[in-house]
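Residues in the sequence shown are numbered from 10 upward in steps of one, following this note's numbering.
Just so you know, even glycine gets a beta-carbon here, dropped at the ideal spot from N, CA and C.
Bear in mind that the values here come from a model prediction, so they are computed numbers and not experimental data.
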Amino acid sequence: MSSLIRLGADGPRLLRRGGASTRLILTGRELCLFLHVDAGAVPAAQRAAFVALEVRRAAPFPDPEYDLAWFGDHAAVWYWSRERVCGLLGEPAAQARFRAEACFRGQPVMEDRAELLSLSPPQGDIHANVDAGESRAGVEARLWRQGHIVASRWWSQPPSAGDWQGFLRGGGMDPSLPTPTPEPAPLRERPLGGAPATQALFGHLRTQQAPIIVAAGGVLLAVLGWQLFSVLRISAEIRSVQQEVAPLEQQLETIIGARNRADDAAARIEAALSLRATASQTQLLAEVQTVTQGSNWAVMGWHHPAPDSLEVTLKGTGIDTAAVVSAWEQSPLLHEVTPATGARPDELMLRARLTSLLERAP
């Protein structure tokens, strides 16, 4: 059994002792960013590469690693910086396997709603018997729509009413909904995105294994007995059919190969098209000037870390951060607005995702 370690912003915390050869590292939610990926239009064989491409495009750092949970055609992705987590681990990570802690928290939700999960280990959690102590795991908000997670955000403590309203508004929900009480979310035995109904069915079949084997053996003997009398008659026909099928299989392989190449080309074209600028610099600057309230500010920094993201640094006195974030989120060109403290006390940095041309289309 491998050792289980939770890696948070305050460093590693041992959850379960095991063998020294392998370690499972649960990357804390506070170290992760979230990305929702809709892969409904992507062939199943291409989805892993598609998710990896989306993570590289979204990550603000050059060395992203990620973990995910599939809910049908939708992937909930939590990703982090490899260099950062290795630095926090403080030891060689060659024998470590990293997973996202968020994949092992909470329960699937089928209705459309927002929830707030307490990531602190409650009484009875598997944390309790090893290195228990003050937890800084915080809380995670999740927005569920049609059985999959479309938005997730982490706070070190339950969010204020303004922060909660901003999260709901960014996910397209009614911002007047009250902030819920954080629900305990102990670590799961299995990650999210599994198939519990299928697993339960397999478990039932194992309990009936002996009767099933006896019945299957009887059926098999009956089939073999019937085939014993007919095998000589049909062997010649089988050889004839095999000779006819061989050229058809070659033609089918050619068709399947052409189809796979077409799917690959379509995925590359779609990825290339998505890199087109969502709006010109002039439009974005005018939009920022329009939606930013007040006149006691000035733009000190303007940066595009990715084609679909924007970072703007404002300088001024008495800037109302909540009002500015709320105004930006009302813009048709900006969404997922996140404030951050600037390099100076009178500076405010805002990060936003740019609304794509397809999302703005009526």
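Point to revise | Distance between Ala160 and Glu338 (C-alpha atoms, nearest Å) | key: 15 Å
Practice item. Please report how far the alpha carbon of Pro184 lies from the alpha carbon of Cys112, in whole angstroms. Key: 26 Å
Review point. For Val321 versus Val334, is the C-beta distance shorter than 8 Å?
Key: no
**Study point:** Among Leu42, Ala150, Ala315, the one whose alpha carbon lies nearest that of Gln116
**Key:** Ala150
Exercise for review: Could you say which of Leu35, Ser365, Val46, Arg154 lies nearest to Phe59 if we only look at CA atoms?
Suggested key: Val46
Review point. Ala105 lies in the beta strand (DSSP E); which residues open and close that run?
Key: 105-109
**Study point:** Nearest neighbour of Leu342, chosen from Trp89, Arg353, Arg362, Ala352 [CA to CA]
**Key:** Arg362
Check your understanding: Taking the alpha-carbon positions, what's the Trp190 to Glu262 distance?
Key -> For the sequence presented, residue 190 should be read as Thr rather than Trp. Cα to Cα, Thr190 sits roughly 57 Å from Glu262.
Practice item. Thinking Arg33 and Trp89 are a contact (beta carbons under 8 Å), I'd like their distance in whole angstroms, please. Key: A small correction: the amino acid at residue 33 is Leu; Arg does not occupy that position in the sequence shown. Wrong, their Cβ atoms sit about 15 Å apart, outside the cutoff.
Practice item. Less than 8 Å between the CB atoms is what I'm expecting for Ser127 and Val148, so what's the real figure, rounded? Key: 6 Å
Practice item. Using beta-carbon positions only, say whether Gly156 and Phe80 come within less than 8 Å of one another. Key: yes
Exercise for review: Within 10 angstroms of the Cβ of Val86, are there 16 or more other Cβ atoms? Answer buried if so, exposed if not.
Suggested key: buried
Practice item. Indicate the three-state DSSP secondary structure (helix, strand or coil) for Pro184 in the structure shown. Key: coil
**Study point:** Inter-residue Cα distance where the pair is Ala271 and Arg56
**Key:** 15 Å
Point to revise | Top-ranked residue by Cα proximity to Val346, from Ala336, Asp355, Pro354 | key: Ala336
Point to revise | Range of the contiguous beta strand (DSSP E) that encloses Gly17 | key: 11-17
Check your understanding: Can you list, in chain order, the stretches of the alpha helix (DSSP H) that have 4 or more residues and sit fully within the stretch 302-368?
Key -> 330-338
Check your understanding: For Gly37 versus Glu110, is the C-beta spacing smaller than 8 Å?
Key -> yes
Exercise for review: Go ahead and label Pro73 buried or exposed: buried means 16 or more other beta carbons lie within 10 angstroms of its beta carbon, across all protein chains shown.
Suggested key: buried
Check your understanding: Of all the options Glu296, Gly325, Ala315, which has the alpha carbon lying nearest to the alpha carbon of Asn305?
Key -> Gly325
Exercise for review: Within the stretch 73-106, note down every full beta strand (DSSP E) run reaching 3 residues or more, in order along the chain.
Suggested key: 73-80, 83-90
Check your understanding: Rounded to a whole number of angstroms, what is the C-alpha to C-alpha distance between Gly142 and Leu24?
Key -> Bear in mind that the predicted position of Gly142 carries a pLDDT of just 38, short of 50, making it unreliable; the figure below should be weighed with that in mind. So the alpha carbons of these two residues sit roughly 11 Å apart.
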